[in-house]
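A.B. asks:
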Amino acid sequence: MMVRQMNLKYARNDLRKNKGVNAALLIVLILSAFLMATGAMVAERMFGAVDQLFDQAEPPHFLQMHKGEYDQAALDEFADAHPEITAWLIEDMVGFDSSQLSWQRPATGESGDLSESLIDNLFVVQNDEFDFLLDESGGIPRPDVGEVYVPVSYQQSFGLQTGDDLQVRTETGVQNLTIQGFVRDAQMASSLSSATRFVVSDADFDTLSNAGGGSPEIIVEYLLSDPALASDFQTAYESDDGLPKNGQGVTFEMIRIINVISDGLVAAALVFVSILLIAIALLNVRFVIRGTLADEVREIGAMKAIGLPNATISGLYLSKYSVMTLVACVIGGIGAIFATGALTAKVQVNYAKAPLGVASFVAPIIALAVVFVVVIAICRGVLGSVKRIQVVNALVHGSLLNDAQTARLARRQARRLGRTGLASFKGGDLNRRLALMDLRAEFRQWVLIPVVFALASVLMILPTNLLTTFQSPKFVTYMGAPESDLRVDLQFLGDLDVLRDDVSAAMSEDDRLTDIRVFANRLVETEGDEGWESMRVETGDYSEGTVEFIEGTRPEAGEIALSVLNADKFGLGVGDQMPIRVGETTSQLAVSGIYQDVTSGGYTAKIQGEISGDAVGYVIYADVADGGGASVIADEYGSAFPQASVVAMRAYVDQTLSYVTGAFFSAAAIALIFAVGVAALVTVLYLNLQLARDRHRMGVLSALGFSGAELSAQVRLKTLVSVVAGTALGVIVSATLGEVVVGGALSVAGIGISRLAFIVNPLLVYLGYPLLLIAVGYLGARGVASSLRRGNTSVWLRA
1 MMVRQMNLKY ARNDLRKNKG VNAALLIVLI LSAFLMATGA MVAERMFGAV DQLFDQAEPP
61 HFLQMHKGEY DQAALDEFAD AHPEITAWLI EDMVGFDSSQ LSWQRPATGE SGDLSESLID
121 NLFVVQNDEF DFLLDESGGI PRPDVGEVYV PVSYQQSFGL QTGDDLQVRT ETGVQNLTIQ
181 GFVRDAQMAS SLSSATRFVV SDADFDTLSN AGGGSPEIIV EYLLSDPALA SDFQTAYESD
241 DGLPKNGQGV TFEMIRIINV ISDGLVAAAL VFVSILLIAI ALLNVRFVIR GTLADEVREI
301 GAMKAIGLPN ATISGLYLSK YSVMTLVACV IGGIGAIFAT GALTAKVQVN YAKAPLGVAS
361 FVAPIIALAV VFVVVIAICR GVLGSVKRIQ VVNALVHGSL LNDAQTARLA RRQARRLGRT
421 GLASFKGGDL NRRLALMDLR AEFRQWVLIP VVFALASVLM ILPTNLLTTF QSPKFVTYMG
481 APESDLRVDL QFLGDLDVLR DDVSAAMSED DRLTDIRVFA NRLVETEGDE GWESMRVETG
541 DYSEGTVEFI EGTRPEAGEI ALSVLNADKF GLGVGDQMPI RVGETTSQLA VSGIYQDVTS
601 GGYTAKIQGE ISGDAVGYVI YADVADGGGA SVIADEYGSA FPQASVVAMR AYVDQTLSYV
661 TGAFFSAAAI ALIFAVGVAA LVTVLYLNLQ LARDRHRMGV LSALGFSGAE LSAQVRLKTL
721 VSVVAGTALG VIVSATLGEV VVGGALSVAG IGISRLAFIV NPLLVYLGYP LLLIAVGYLG
781 ARGVASSLRR GNTSVWLRA
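Read in order, the letters of the sequence shown correspond to residues 1 to 799 in the working numbering.
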């Protein structure tokens, strides 16, 4: 009890005595704890919100989208043959292009349209058994005639309000509906989804279906006795030739991944930033402890001389850092509560308000406990040097070293003196020569600055590189598409081939368009673990520019290229043979290459070949001759061919990845602010401590005739060299190892990207950011070193 009181009293006195140093160290620890706890809480809230929405909405464990005719009897037979099905349904939908939807606010006369949205707008009636669309309170809305419930994403994007009129333009006229509320959709909440659903009454659905101008389609949905059966169930479904499958098949796990990937990236980014800050904090703790032991070595020698055990002496110092870390964890945890609320506000709107549970409290506590344990473990490791201190050396020489260490140090200093002495000095700037000699001689003490600035560089650059990569027009090559200006999608229409010919002919005659490429989407079969199963492939001419291949190259005749997820699914690599069956004809195709794709769940393939008439859809790419006006041209072709979906690729990527890029923007902004702040803080902290330890040496130099301005210039030069070296190291690490680390993380996420090549803004990350960090370090050194101009030389010499 007495030892504990003594430890706490020492901690309190030391915290009061060294307020500046301890405050700076405490801030770094608080930021580390804050970010770690915030990352853990955002992740818990994100998964909790998605789980809450899934519990309420009961999304299917497997669904198959389909356009065109289908055999009801085949679906009935399939359901009867699979006892693992607990419930199933066919949801009828009618889709309208965004340009056909507009809104008006009767109270103010405001109006607008939804033409900026590039996703499919599907009108449905509320389901009765499962896959419910939920209102803001978690209820299951059932609109009356003339009412509609609109997706919450449109509420946010277009500022829609309850009471607004939604107008749907059909072939027989405009259908008016009143917005009664907004719905959350467990299937289609993410921007990575290609469609969204509106809920109307049975009567209004029939009216919209019969009015013309809409595209009918269905979703076949299944609930299983065990969600883990979804993958095998999908294989069984796709192996049945009689079932509808002119669309994407999606499992429960794919829905979940798509929903959590965007905001989950915020949590991952915060944890990444926190880990780097913890590393910086640990470096500072180690430096401060070693400095404290050096300053108080005689007191330590006295305590050992009177018989105090090493553990007691270490505990005396450890108590201070235990108190600081505990306070940092408490403050950081409290701050994380408020930050999490702000960061997850959008999550609660799009998904659900996650209920508080055991995990809500355990997740941040575990995160803070990790910070506390790691920091204290490092402190214990550094304080282990107390047991190696010899009483005589400590009391007489003021040294932390024992006899053997002192002898090794003497030999090392003698060698260093031979290399760095001034005997060979032949003129020039003596002040600069002394500064560089000192920096070389005390490299171990100054290593803190370059390491911290290297970590700060990585902290700033990696999130920004991710942001610019996902924002770049070239990112379409990660979405299974070649880089182009325009994209035209034609899907599942009765006169599909005629429409393809009309659109491609019009584009070929348009002088504004160049490099027009047509590809067909077909359904083939391949042999999987459970037998033959359906697979969607894209067929066309890949001799010109296409996607980037991480392995191999584009397909030639008799070859096939696979997406990363398909290659993993079938266990195939470049050069392997893959059986493909079309009708009664089976052929073996060699895998020519593997590419990355985040569309269609990431399961796609490409075959070199002629465009045939058995396609279930076509996609046409084109470039704009002058490089501009893609949106205007897309609007023109959309009006001329209303059955086609025509989009500018830039807008397509922006909308599809809006959640992801928003997450990376938040992470990049947080990382930039914290990196600059921590770099400045550590610079000031380190230099203050270093100058306090170097006062005697400074006094000697002053007595030899060096002015305060010259001593100040030495400090600035040493700091500048250290900062530049660390920043350069961080830039090199970010440019080389950064892609490997980030690509590995995305590969684990299972979204179809396993190797990421950064698309960077070189002026920003390789010039702007390094100059910013160097300026921060130099200004910090200038501010601290300015005190040397006003220093009392006699006091320095007596130190």
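For each residue, glycine too, the CB sits at the ideal point set by N, CA and C. In this text, all values refer to a predicted model and were calculated from it rather than measured experimentally.
Applying the criterion that 16 or more other CB atoms from any shown protein chain within 10 Å of the CB defines a buried residue, is L763 buried or exposed?
C.D. replies: Counting Cβ neighbours within 10 Å, L763 comes out exposed, since fewer than 16 surround it.
A.B. asks: Quick one: residues in its chain with C-beta nearer than 7 Å to the C-beta of R554, no 5 flanking neighbours on either side, listed in chain order?
C.D. replies: Within the same chain, R554 has close Cβ partners Y542, T546, A561, S592 and G593.
A.B. asks: Does DSSP put P60 in a helix, in a strand, or in coil?
C.D. replies: Of the three classes helix, strand and coil, the one that applies to P60 here is coil, per DSSP.
A.B. asks: Excluding the five sequence neighbours on either side, which residues of its own chain have a C-beta within less than 7 Å of the C-beta of R142, listed in chain order?
C.D. replies: Cβ within range, chain order: Q126.
A.B. asks: Is it true that the stretch 167-175 meets the stretch 127-135, where meeting means three or more beta-carbon pairs spaced less than 8 Å apart?
C.D. replies: Not touching, per the Cβ criterion.
A.B. asks: Under the three-state reduction of DSSP, which class applies to F453: helix, strand or coil?
C.D. replies: In this structure, F453 counts as helix in the three-state DSSP scheme.
A.B. asks: Given this structure, state the Cα-to-Cα distance separating V50 from A354, to the nearest angstrom.
C.D. replies: Distance between the alpha carbons of V50 and A354 is about 8 Å.
A.B. asks: Mind pulling the alpha helix (DSSP H) runs of 4 or more residues that sit fully within the stretch 159-187?
C.D. replies: If we require 4 residues or more, the stretch 159-187 turns out to have no alpha helix (DSSP H) run fully inside it.
A.B. asks: If you check the beta carbons only, do T340 and R45 fall under 9 Å apart?
C.D. replies: Yes, the pair counts as a contact, with Cβ atoms nearer than the cut-off.
A.B. asks: When you compare each of A679, N688, A367 and S702 to V724 by their alpha carbons, which one comes out closest?
C.D. replies: Among A679, N688, A367 and S702, the Cα nearest to that of V724 belongs to A679.
A.B. asks: Can you tell me where the alpha helix (DSSP H) holding K606 begins and where it ends?
C.D. replies: Run containing K606: none in the alpha helix (DSSP H); it sits in the beta strand (DSSP E), A605 to Q608.
A.B. asks: Pair every Cβ in the stretch 69-85 with every Cβ in the stretch 134-141, then say whether three or more of these pairs are closer than 8 Å.
C.D. replies: Touching, no.
A.B. asks: Looking at R522: is its Cβ nearer than 9 Å to the Cβ of V537?
C.D. replies: Yes. Within cutoff.
A.B. asks: Grouping DSSP H, G and I as helix and E and B as strand, with all else coil, what is E584?
C.D. replies: In this structure, E584 counts as coil in the three-state DSSP scheme.
A.B. asks: Which residues in the same chain as T586 place their Cβ atom closer than 8 Å to its Cβ, once the five residues preceding and following it in sequence are excluded?
C.D. replies: Result list for T586: P579 and I580, in chain order.
A.B. asks: So what's Y70 in DSSP terms, helix, strand or just coil?
C.D. replies: DSSP places Y70 in coil when its eight states are reduced to three.
A.B. asks: Please report the distance separating the alpha-carbon of A785 from that of G777.
C.D. replies: If you take the alpha carbons of A785 and G777, they lie about 12 Å apart.
A.B. asks: For M578, write down the residues that DSSP places opposite it in a beta bridge.
C.D. replies: Answer by DSSP bridge pairing, in chain order: L589.
A.B. asks: Whose C-beta lies closer than 8 Å to the C-beta of E110 among residues of the same chain, with five residues either side of it excluded?
C.D. replies: Here the set comprises Q104.
A.B. asks: Give me the residue from A671, A37, L243 and V676 with the minimum Cα distance to I334.
C.D. replies: Of the listed residues, the one whose Cα sits closest to I334 is A37.
A.B. asks: Short check: CB of E217 to CB of L122, under 9 Å?
C.D. replies: Yes.
A.B. asks: Relative to the alpha-carbon of R693, which residue among P151, D113, F287 and A33 has its alpha-carbon at the smallest distance?
C.D. replies: Ranking P151, D113, F287 and A33 by Cα distance to R693 puts F287 first.
A.B. asks: Which word fits I306, buried or exposed, when buried means at least 16 other C-beta atoms lie within 10 angstroms of its C-beta?
C.D. replies: That one is exposed.
A.B. asks: Quick test of the definition: if touching needs 3 or more C-beta pairs under 8 Å, does the stretch 199-209 touch the stretch 221-239?
C.D. replies: Output reads no: the stretch 221-239 does not touch the stretch 199-209.
A.B. asks: Since V653 and F475 should fall inside the 8 Å C-beta cutoff, what is the C-beta to C-beta distance between them, to a whole number of angstroms?
C.D. replies: V653 to F475, Cβ: 6 Å. Contact.
A.B. asks: Please classify A40: is it buried, with 16 or more other beta-carbons within 10 angstroms of its beta-carbon, or exposed?
C.D. replies: Buried.
A.B. asks: Compute the Euclidean distance between the alpha carbons of A567 and Y321, then round it to the nearest angstrom.
C.D. replies: Between A567 and Y321, the C-alpha separation is close to 51 Å.
A.B. asks: Should A454 and L729 be called a contact, given that it needs their Cβ atoms to be closer than 9 Å?
C.D. replies: In contact: A454 and L729 (Cβ atoms closer than 9 Å).
A.B. asks: Would a check of beta-carbon distances place D51 closer than 9 Å to chain C?
C.D. replies: Among the chains of the structure shown, chain C does not appear; only one protein chain is present.
A.B. asks: Closer than 8 Å by C-beta to A363: which residues in its own chain qualify, once you throw out the five before and the five after it? Chain order, please.
C.D. replies: If we look at A363 and ignore the five residues flanking it on each side, its Cβ neighbours are A40, M41, A43 and E44.
A.B. asks: Skipping 5 residues on each side, what residues in its chain have a beta carbon closer than 7 Å to that of L434?
C.D. replies: Within the same chain, L434 has close Cβ partners Q714.
A.B. asks: Below 9 Å between beta carbons: does that hold for Y686 and I337?
C.D. replies: The answer is no: Cβ separation not under 9 Å.
A.B. asks: Excluding the 5 residues preceding and the 5 following A74 in the sequence, name in chain order all residues of the same chain whose CB lies nearer than 6 Å to its CB.
C.D. replies: Counting only Cβ-Cβ distances below 6 Å, and skipping sequence neighbours, we find G242 and L243.
A.B. asks: Roughly how many whole angstroms lie between the Cα atoms of A668 and V452?
C.D. replies: Answer to the nearest angstrom: the Cα atoms are 18 Å apart.
A.B. asks: Mapping DSSP to helix, strand and coil, what is G357?
C.D. replies: It is coil, neither helix nor strand.
A.B. asks: Going by DSSP, name the residue or residues bridged to N521.
C.D. replies: Answer by DSSP bridge pairing, in chain order: E538 and G617.
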